[in-house]
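What follows is a set of notes on a single structure, which appears directly below.
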Amino acid sequence: MPVAALPALTPYLATAGIGWLYYRRIRRSFGRQTWQPGRAIARLVLVSVVALALASAAVFLPHVGLGIGVGAAAGTALGMLALKHTHAQLIDGRRYYTPNPWIGGGLTLLLLGRLAWRWSLGTFSGGSAQAAQQVSPLTMGIAATLIAYSLVYSIGLLLRMRQLAHPRTL
Numbered sequence: 101m102p103v104a105a106l107p108a109l110t111p112y113l114a115t116a117g118i119g120w121l122y123y124r125r126i127r128r129s130f131g132r133q134t135w136q137p138g139r140a141i142a143r144l145v146l147v148s149v150v151a152l153a154l155a156s157a158a159v160f161l162p163h164v165g166l167g168i169g170v171g172a173a174a175g176t177a178l179g180m181l182a183l184k185h186t187h188a189q190l191i192d193g194r195r196y197y198t199p200n201p202w203i204g205g206g207l208t209l210l211l212l213g214r215l216a217w218r219w220s221l222g223t224f225s226g227g228s229a230q231a232a233q234q235v236s237p238l239t240m241g242i243a244a245t246l247i248a249y250s251l252v253y254s255i256g257l258l259l260r261m262r263q264l265a266h267p268r269t270l
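In case it helps, our numbering puts the sequence shown at residues 101 to 270.
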């Protein structure tokens, strides 16, 4: 493949990469999952950085502050509800958890639906400068919901998994 063809493929490669990320996100909402503490802590650190960015957006973009606040409250409540419906277990020395598929699946559909709506309006076709000028309180509220949910759920799951007996080392 010639190097000149790579820029023409960039939108397709980016779309495929984003599709893969969403597939992995959706897959983590269903069925028994193996507990991987390293990934969980890395995800928690990354989500915390994004939460700080959202908090600063609430300060520097006051017209979206209410949306971020309501979204964060909704995400916190959903995270606590999801923790109540998550089953953690120790099987043969390995830790597993089974998330509630309805809550995770619903949040994923909410995100995908909002992205599809914004894309249908042409928000992403004007470049990042135009998208930054069209910051929506609803979009930021949904982002805050997802981030707060992830924080609460990750912290709660981390604490719950620490309560389980640690697997034996051979």
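C-beta: ideal position from N, C-alpha, C; glycine also. Because the structure is a prediction, the values reported are computed rather than measured.
Nearest residue (CA-CA) to residue i, options the options
| i | options | result |
| --- | --- | --- |
| Arg-132 | Pro-199, Pro-111, Val-147, Leu-144 | Pro-199 |
| Gly-175 | Thr-245, Leu-251, Leu-257, Leu-264 | Thr-245 |
| Pro-237 | Leu-264, Val-159, Leu-258 | Val-159 |
| Trp-135 | Ile-255, Tyr-197, Ala-155 | Tyr-197 |
| Ala-172 | Thr-115, Val-147, Asp-192 | Val-147 |
Residues near residue i by beta carbon distance below 6 Å, same chain, minus five either side
| i | result |
| --- | --- |
| Ala-182 | Asn-200, Ile-203, Tyr-253 |
| Val-170 | Gly-241 |
| Ala-229 | With a pLDDT of only 49 at Ala-229, under the threshold of 50, the placement of this residue in the model should not be trusted, and no figure is reported. |
| Ala-243 | none |
| Lys-184 | none |
Close beta carbons around residue i, own chain, < 7 Å, minus the five adjacent residues each side
| i | result |
| --- | --- |
| Arg-260 | Ala-188 |
| Thr-239 | Arg-214, Arg-218 |
| Val-235 | Leu-161, Val-164 |
| Met-180 | Val-252 |
For residue i, the residue or residues it bridges with in DSSP
| i | result |
| --- | --- |
| Gln-133 | Tyr-197 |
| Leu-190 | Arg-195 |
Residue i versus residue j - alpha carbon distance
| i | j | result |
| --- | --- | --- |
| Ser-250 | Ala-108 | 35 Å |
| Ile-118 | Thr-110 | 12 Å |
| Leu-257 | Ala-140 | 9 Å |
| Arg-143 | Ala-216 | 25 Å |
| Gly-193 | Leu-221 | 51 Å |
| Ala-177 | Leu-166 | 17 Å |
| Leu-270 | Ala-116 | Residue confidence is low: Leu-270 scores 46 on pLDDT, short of 50, so the model does not pin down where it sits. Its coordinate-derived value is still stated next. Leu-270 and Ala-116: Cα-Cα distance of roughly 41 Å. |
| Val-149 | Thr-186 | 25 Å |
| Val-145 | Trp-120 | 22 Å |
Assumed close pair residue i, residue j - CB separation to whole angstroms, cut-off 8 Å
| i | j | result |
| --- | --- | --- |
| Ile-247 | Ala-151 | 5 Å |
| Ala-84 | Ile-168 | For the chain, the structure presents residues 101 to 270; residue 84 sits outside this window and is missing. |
| Leu-264 | Leu-210 | Contact doesn't hold; Cβ gap of about 31 Å is too wide. |
Close-in-space but distant-in-sequence residues of the same chain around residue i (CB under 8 Å, 5 per side omitted)
| i | result |
| --- | --- |
| Leu-212 | Tyr-122 |
| Ala-155 | Ile-168 |
| Arg-195 | Thr-134, Trp-135, Ala-188, Gln-189, Met-261, Leu-264, Pro-267 |
| Leu-113 | none |
| Gly-138 | none |
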